[in-house]
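To start, the structure under review is shown below, and the notes come after it.
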Ligand SMILES: [Zn+2]
Ligand SMILES: [Zn+2]
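In our numbering, the protein residues as written are 7 to 272.
Structure, rendered in structure tokens:
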């Protein structure tokens with residue numbers, strides 16, 4: 007219980023920092039004119055706390071089991087070699103390998119109807135801003151996270167060491183979390199050729215578009231857009247932005263309704 011109170015306090019401090027950064031930036035460089043307290047802002051604020059606490063809790067047991075199970079696949083010498091790799095190289099490899107898993111987890115969430123039931127909550131946002139990042143069903147978040155972590159554990163890129171803290175998975179999680187807020191932000195910035203190397207708001211905004219069916223199911227990557235280039239789902243016009251966001255299917259406008267909606271028998 008005490009740990010929960012500490013977690014909520016820590017999350018509240020992060021929230022204040024995120025607000026202090028994104029709210030003025032989105033006022034100064036907005037791509038779409040909209041209110042700070044836009045449609046369902048407070049529901050997404052509730053998701054911020056739910057999704058920062060719940061998926062992490064749900065992941066503890068499966069990840070420990072996975073780490074144990076996956077390590078029996080490859081020879082132990084391979085894991086020793088991986089653990090001794092220079093930190094910078096291991097970090098880059100972790101980002102790429104994690105992104106590969108996340109890309110496919112995210113793509114399956116669009117292509118497999120049962121998974122789409124959960125993921126569609128994230129896509130039901132009709133206005134984009136930094137906080138839309140947190141708008142997700144906890145089981146959707148759990149699934150994509152586990153897809154990113156499986157290849158990382160399989161290759162031994164994350165393994166808790168007995169006498170030192172492994173900074174690689176910590177940096178991976180922190181960078182991934184912060185970057186996810188950036189790519190949802192309502193900012194008009196464009197970055198030229200860099201947009202093909204690292205994901206940007208324009209790149210992810212096209213993932214959320216509801217302009218026309220031809221633009222749907224593009225840009226699944228969270229960090230590296232070239233993952234979409236490789237697997238044929240990249241779409242990023244030079245100077246255009248989406249006009250409409252969201253999905254056509256009706257979504258409940260209450261938090262409880264959204265949490266229960268994917269579980270309804272159709
Ligand atoms: Zn999606
Ligand atoms: Zn998104």
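Glycine included, every Cβ here is placed at the ideal spot set by N, Cα and C. Remember, predicted model here, so these are calculated numbers, not experimental data.
Tell me whether residue i, by its Cβ, gets closer than 7 Å to a heavy atom of ligand 1.
i, result
"residue 210", "no"
"residue 239", "no"
"residue 115", "yes"
"residue 143", "no"
"residue 81", "no"
"residue 190", "no"
"residue 213", "yes"
"residue 77", "no"
"residue 38", "no"
Could you compute how far the alpha carbon of residue i sits from the alpha carbon of residue j?
i, j, result
"residue 128", "residue 100", "25 Å"
"residue 231", "residue 202", "6 Å"
"residue 168", "residue 74", "Model confidence at residue 168 stands at a pLDDT of 42, short of 50, so the residue's coordinates are unreliable; what they give is reported in the following sentence. Straight-line Cα distance between these residues: approximately 15 Å."
"residue 162", "residue 206", "29 Å"
"residue 147", "residue 183", "12 Å"
"residue 17", "residue 88", "33 Å"
"residue 112", "residue 150", "6 Å"
"residue 48", "residue 178", "28 Å"
"residue 21", "residue 84", "40 Å"
Which residues does DSSP pair with residue i in a beta bridge?
i, result
"residue 215", "251"
State yes or no: is the C-beta of residue i within less than 8 Å of the C-beta of residue j?
i, j, result
"residue 253", "residue 130", "yes"
"residue 156", "residue 72", "yes"
"residue 208", "residue 242", "yes"
"residue 109", "residue 187", "no"
"residue 134", "residue 226", "no"
"residue 14", "residue 55", "yes"
"residue 98", "residue 160", "no"
"residue 50", "residue 137", "yes"
"residue 158", "residue 198", "no"
"residue 247", "residue 37", "yes"
"residue 174", "residue 93", "yes"
"residue 193", "residue 31", "yes"
"residue 229", "residue 210", "no"
Quick one: is the Cβ of residue i within less than 7 Å of any heavy atom of ligand 2?
i, result
"residue 128", "yes"
"residue 138", "yes"
Relative to ligand 3, is the shortest distance from any of its heavy atoms to the C-beta of residue i smaller than 7 Å?
i, result
"residue 121", "Inclusion of ligand 3 in the displayed structure is not the case, the ligand content consisting of ligand 1 and ligand 2 alone."
Taking 8 Å as the CB-CB limit, is residue i close to chain C?
i, result
"residue 67", "In summary, chain C is missing from the structure at hand, where a single protein chain is found."
Could you tell me which uninterrupted alpha helix (DSSP H) segments, each at least 4 residues in length, are contained entirely in the stretch 39-106, listed from first to last along the chain? 47-76, 82-89
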